[in-house]
Amino acid sequence: MNASGGSKKSRDYGVFLRSLNRQNARLTESTCQNCRSFVAASVRPELLDFIERLHFCIMQTQFSSTATT
């Protein structure tokens, strides 16, 4: 899978795709495959992990599954 407009391969992190930023090779961008929106960019993978867990599209499914139980 190629990053949009780039030659570097995107890494698949479940629902999220991560790819290197074209202007800053140290910066990793995260995109949601479900809603196809930009989620975050960071040089720290642990920060991306945290922000991805807070993404609305993911949180919405978690809230709806706990509301029905």
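Quick note: the sequence shown uses the working numbering, first residue 47, plus one each step. Don't be surprised by glycine CBs; every beta carbon is placed ideally from N, CA and C.
DSSP state of residue i mapped onto helix, strand, coil
i     : result
Leu93 : helix
Ala49 : Per-residue confidence for Ala49 stands at a pLDDT of 41, beneath the threshold of 50, marking its modelled position as unreliable; the derived number appears in the next sentence. Note: Ala49 maps to coil in three-state DSSP.
Arg64 : strand
Ala71 : coil
Beta bridge counterpart(s) of residue i as assigned by DSSP
i     : result
Arg99 : For Arg99, which the question treats as bridged, DSSP gives no partner whatsoever.
Phe82 : Reading off the sequence, residue 82 comes out as Arg, not Phe. In DSSP, Arg82 forms no bridge with anything.
N- and C-terminal bounds of the beta strand (DSSP E) containing residue i
i     : result
Ser76 : 74-78
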